[in-house]
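Peer 1: Read left to right, the sequence shown gives residues 199 to 510 (this note's numbering).
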Amino acid sequence: MKKQILFIALAVMGLTACEPGGNTEVTTDKEAALEKAVAPYVNNTVVATYSAMADAGMALLNQTGQILNKVENDQDYAQLMKDADASWRLMRKYWEQSEAFLFGPASAHNIDPHIDSWPLDFNAMNALLHDDARMAQIEEEGGAYVGDKLGYALKGFHAAEYLLFESVINDGRAVGTGRPHATNLTHAEAVYLNAIVEDLTQQAILLEYAWAGKVSANKMALLEAGEVEPYEDQYGAQMINAGKAGSIYLTYQEVAEEIIAGCVDIAGEVADLKMGNPYISSTPEERDYIESPYSCTSTIDFADNIRSIQHA
199 MKKQILFIAL AVMGLTACEP GGNTEVTTDK EAALEKAVAP YVNNTVVATY SAMADAGMAL
259 LNQTGQILNK VENDQDYAQL MKDADASWRL MRKYWEQSEA FLFGPASAHN IDPHIDSWPL
319 DFNAMNALLH DDARMAQIEE EGGAYVGDKL GYALKGFHAA EYLLFESVIN DGRAVGTGRP
379 HATNLTHAEA VYLNAIVEDL TQQAILLEYA WAGKVSANKM ALLEAGEVEP YEDQYGAQMI
439 NAGKAGSIYL TYQEVAEEII AGCVDIAGEV ADLKMGNPYI SSTPEERDYI ESPYSCTSTI
499 DFADNIRSIQ HA
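(1) Could you pull out every unbroken beta strand (DSSP E) segment of at least 3 residues lying fully inside the segment 330 to 405, listed in chain order?
(2) Beta-carbon separation of Ser285 and Leu405 under 9 Å?
(3) Starting from Gln535, trace the alpha helix (DSSP H) in both directions and tell me its first and last residue.
(4) Measuring straight from C-alpha to C-alpha, what distance separates Pro317 and Ala443?
(5) Is it buried or exposed, Pro311, if we count other Cβ atoms within 10 angstroms and call 16 or more buried?
(6) I need the straight-line Cα distance from Tyr292 to Phe299, nearest angstrom please.
(7) For Ala282, which residues from the same chain have a beta carbon less than 7 Å from its beta carbon, with the 5 sequence-adjacent residues on both sides left out?
(8) Could you give the distance in angstroms between the alpha-carbon of Gly460 and the alpha-carbon of Asn308?
(9) Buried or exposed, going by whether 16 or more other CB atoms sit within 10 Å of the CB of Gly340?
(10) Just to confirm my understanding: we take Gln401, look at its own chain, exclude 5 residues before and 5 after, and list those with CB closer than 7 Å. What are they?
(11) Between which two residues does the alpha helix (DSSP H) carrying Val236 extend?
(12) Using the three-state DSSP reduction, which class does His312 fall into: helix, strand or coil?
(13) Spatial neighbours of Glu270 within its chain, please: CB distance less than 8 Å, with the 5 preceding and 5 following residues excluded, ordered by chain position.
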């Protein structure tokens, strides 16, 4: 994969040709060649991935809302938990397949750390779940409280993962089984899970909006219900309109170089952190540096990160 990335990078760099007399400006023909690739990249790769991620989030939010209702009414929700696990996995897949393009809105608005920080501080989470005053606020404010008042280690994918998937406590550590959580959620856990997923889904919608400049009516309604203002980045248009007034990119060469840099960044993160830290671990903290320990999907995460490079 590293060889493939290097080959693509060299090919794009080669599009900046030296003209007689030492002129290194990108030629019109070469810019036109790059321009043809940008709109499909934006619309068919980036926006399509974020849109599917937000769709999965909407389904997950519907399911966690039903789970909360079942818990409050002491009704069985075993199938709903299985369905929610599947929706979480699907949403997670699209997020991991987006990590070759974490530049732009995901980084500029801190959406990446907001939804995907690990390891989870499960001790602090358990303390929060037993804090009646704060849980009452979460029940009242939902995703707004989670998004605005909780640290990164208490929200996002991994906080939801901990509540959706079964884990056992071993030597003071929560060890995941990959199985759906037993259907004995406390009311506080069900409230917290639904609030986490509301915030997570809103963040996914913000990514789609920031790239596409629009989202469906039901997604927009969720942002409005939570009083979440969308980001007016128009990032996809910025790329597609490189060199034109209002774009942050002077040339399509710059666009291509940013795309390649995104691929290089996630390749390095997979090698050095996601796989490297647990592999060379000498302490329990390093061994616990596993991205999705409760769902047991870390190796799937790795593969989807590399697929994000392939798609880009």
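Backbone N, C-alpha and C fix where the C-beta goes; we use that ideal spot for every residue, glycine too.
Peer 2: Result, derived from the coordinates:
(1) 363 to 368, 371 to 378
(2) no
(3) As displayed, the chain neither begins before 199 nor continues past 510, which places residue 535 out of reach and without an answer.
(4) 43 Å
(5) exposed
(6) 12 Å
(7) Leu258, Gln261, Thr262, Ile265, Leu362
(8) 16 Å
(9) buried
(10) Ile309, His312, Ile313
(11) 226 to 238
(12) helix
(13) His385, Ala388
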